[in-house]
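Novice: My questions will all concern the structure given below.
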Amino acid sequence: EIRSAETSAVTKAVQRDLKCYSAVLTRNCSATMAPARIQNAVRKATAAPEAEVEDRSCNLMIFGLQEESGSGTVESSVRGVLDSLNEKPTLSKCARVGSPADGKVRPVKVTLSSREVLLSLLRKARELKSSSEYSRVFLEPDRTPEQRAERRRTLKVLGELRRTHPDERYVIRRGVIVSD
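Using the working numbering, you'd call the opening residue of the sequence shown number 11 and step up by one each time.
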C-alpha cells in the first residue's frame, strides 16, 4: 500500500511538472512550430512507455500469410492459420500492416483477447512448419521498434556464432543466445 501511494504521488508530480513544461514549451515555441506539431511532440514526450508495451501485450504478428484474393478477408485467412493449430481464440482486431506493394506480402497484426492466448499460440507456432499450406507462415509477438532492433542485433550475433562454430547448437531463449 505504501509503495502504491508513493508511486501514485510520483506519477502525479511528474504529470504536473510535464503540464507546466508543456505550457512553457507552447508559449516559447509557438512562433516557430505549429500548435498541432507542439501538441504531438508533447504527447510523444509524455507518453508512458509502459502503456505502449501494455498495448502490444495481446498483439500477434503473422508473417508470410499470402494476401487475400477478391472475396477473402484478412480475418478468414487468420482463422485458417489458427485452425491449423487447433486454436479458436477470440480475435478483437485483424489488419494488414503497411501499404500494398507488388511482390510483397504485408504482415498481419492480430489483437487477441488475452496474453495467455497469445503465449499459447506462440508455443504452437512451430507446428506450422509441418503444415503444407502454412509452412512459410511465421508467428511473432508484436515488438516495439527498439525491441525489433535488439532482436535484429541478436540474430546477427547468432548467425555469426553458427558460422564460426558449426558443431555447436545455438538458440535464442528469452532474448539471450545460449548453447544447447
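For glycine and all other residues, C-beta sits at the position ideal for the given N, C-alpha and C.
Note that the structure is predicted; figures quoted are calculated from it, not measured.
(1) Tell me the start and end of each unbroken alpha helix (DSSP H) in the segment 63-98 that is at least 4 residues and wholly inside, in chain order.
(2) Going by other Cβ atoms of all chains shown within 10 Å of its Cβ, with 16 needed for buried, is P99 buried or exposed?
(3) Measuring CB to CB, does I187 end up less than 8 angstroms from L171?
(4) To the nearest angstrom, how far is it from the Cα of S123 to the Cα of L101?
(5) Give me the Cβ distance between S130 and E85, rounded to the nearest whole Å; I'm assuming they're in contact under 8 angstroms.
(6) Between V120, S14, A111, which has its C-alpha nearest S87's C-alpha?
(7) Between the beta-carbon of E77 and the beta-carbon of V115, is there less than 8 angstroms?
(8) Going by the DSSP bridge assignment, what does Y180 pair with across the sheet?
(9) Determine the burial state of D152: buried for a count of at least 16 other Cβ atoms within 10 Å of its Cβ, exposed for fewer.
(10) According to DSSP, what are the bridge partners of V118?
(11) Around the Cβ of V91, are there at least 16 other Cβ atoms within 10 angstroms (buried) or fewer (exposed)?
(12) Can you pull the DSSP bridge partners for E150?
Specialist: Taking the coordinates as given:
(1) Correct list: 84-94.
(2) That one is buried.
(3) Cβ distance < 8 angstroms, so I187 and L171 count as in contact.
(4) CA-CA distance, S123 to L101, rounds to 6 angstroms.
(5) Taking the Cβ atoms as the reference, S130 lies roughly 19 angstroms from E85, outside the contact range of under 8 angstroms.
(6) Selection V120, S14, A111 evaluated against S87 yields V120 as nearest (Cα-Cα).
(7) Taking 8 angstroms as the Cβ cut-off, E77 and V115 qualify as a contacting pair.
(8) Bridge partners of Y180: S189.
(9) Classification of D152: buried, given that the 10 Å Cβ count is 16 or more.
(10) By DSSP's assignment, V118 forms a beta bridge with I72, R106.
(11) Here V91 is buried: its Cβ has 16 or more other Cβ atoms, across all protein chains shown, within 10 Å.
(12) DSSP, once it has assigned bridges, lists M71 as partnering E150.
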